[in-house]
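Below is one structure, written out as structure tokens, with a few remarks after it.
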Amino acid sequence: MASSELPNLQTNLKAALDQYRPESPTFGPLFDENDVAEIKSFFFTDSRLNSFALRSGGWTYDKPEKTATCSSNLLALNGFFFPAINRKTVTCVFCQLDVTCSAHLDPLLEHARLNPRCYFVTLAKPEEEWTIEDGMYLLQFRRRALSVKATEMRKRDSEERREERRRNRRQIPAGGDAVPCGLEAGGVF
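Each residue of the sequence shown is one higher than the one before, counting from 1 in full-length UniProt numbering.
Structural data, given as structure tokens:
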């Protein structure tokens, strides 16, 4: 296939990924090597499930003595991976929703309740049936969510720095009175 030709968008995504070689344009102009690496990283349940296994001591609710419904397997099936931010927090690979888990959390219901517009949730299709077109939309949705999350984090950091500067300006200097808004003591108004 010439690199400008589009593949059949209804081709099974997993099968196309299995056949992917950087030197042959399996996906034409749709995906490059970086896209394929991103898709393979956490798009599929096995990869997401492995993120829970990497947690020191395993996933909290996978212990045999626990009677939890919030297992790593169920979380992975519902789009979540363990980002190692907090010992009970998971993140949706696609919409970047962070969820703090409890023993009897239903991952699908909680995901749909907290972000009903997540493309993974609305796709409602087993990954074995995902097409290249589904993969395109999932990748696009993920990148938009990552961008929004990064923007929100920068905004929050900026607001925290601004608040810190306000607090610092209001502090009373050692041995003196409060200095209003950066004016030196005895200055002319």
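C-beta atoms are modelled at their ideal positions from N, C-alpha and C, and glycine is treated no differently.
| Check | Outcome |
| --- | --- |
| Residue from R166, R117, R162, E133 whose Cα sits closest to the Cα of R144 | R117 |
| C-alpha distance - E127 paired with K14, whole-angstrom precision | 8 Å |
| Whole-number beta carbon distance between Y119 and K97, since they are thought to touch under 8 Å | Here residue 97 is Leu; the residue named in the question, Lys, does not match the sequence. The Cβ separation is near 12 Å, so there is no contact. |
| First and last residue of the uninterrupted beta strand (DSSP E) at D98 | 98-100 |
| C-beta atoms of V36 and L54 nearer than 8 Å | no |
| Pairwise C-alpha distance: I85 and K149 | 15 Å |
| Minimum Cβ-Cβ distance from I132 to chain B less than 8 Å | No chain B is present in this structure, which holds just one protein chain. |
| N73, DSSP secondary structure in three states | helix |
| 3 or more residues per run - each beta strand (DSSP E) lying fully within the segment 78-148 | 89-92, 98-100 |
| Pair within 8 Å by beta-carbon distance, L146 and D134 | no |
| For A76 and L105, believed in contact at Cβ under 8 Å, the rounded distance | L105 to A76, Cβ: 14 Å. No contact. |
| C-alpha gap between R166 and T151, whole angstroms | 22 Å |
| Endpoints, alpha helix (DSSP H) assigned at D46 | 45-53 |
| Neighbourhood of W59 by C-beta, 6 Å cutoff - its chain only, sequence neighbours within 5 removed | F52, S72 |
| CB of A103 within 8 Å of CB of Y61, strictly | yes |
| Residues that N34 bridges to, as DSSP identifies them | Answer is none; N34 lacks a bridge partner. |
| S3 to T131 span [Cα, whole Å] | Residue placement at S3 is poorly supported in this model, since its pLDDT is 45, which falls under 50; the coordinates still yield a value, given next. Computed Cα separation, rounded: 19 Å. |
| From R154, F141, C101, K155, residue whose alpha carbon lies closest to that of F43 | F141 |
| T91 vs F81 beta-carbon contact at 8 Å | yes |
| Residue(s) in a DSSP beta bridge with N12 | T131 |
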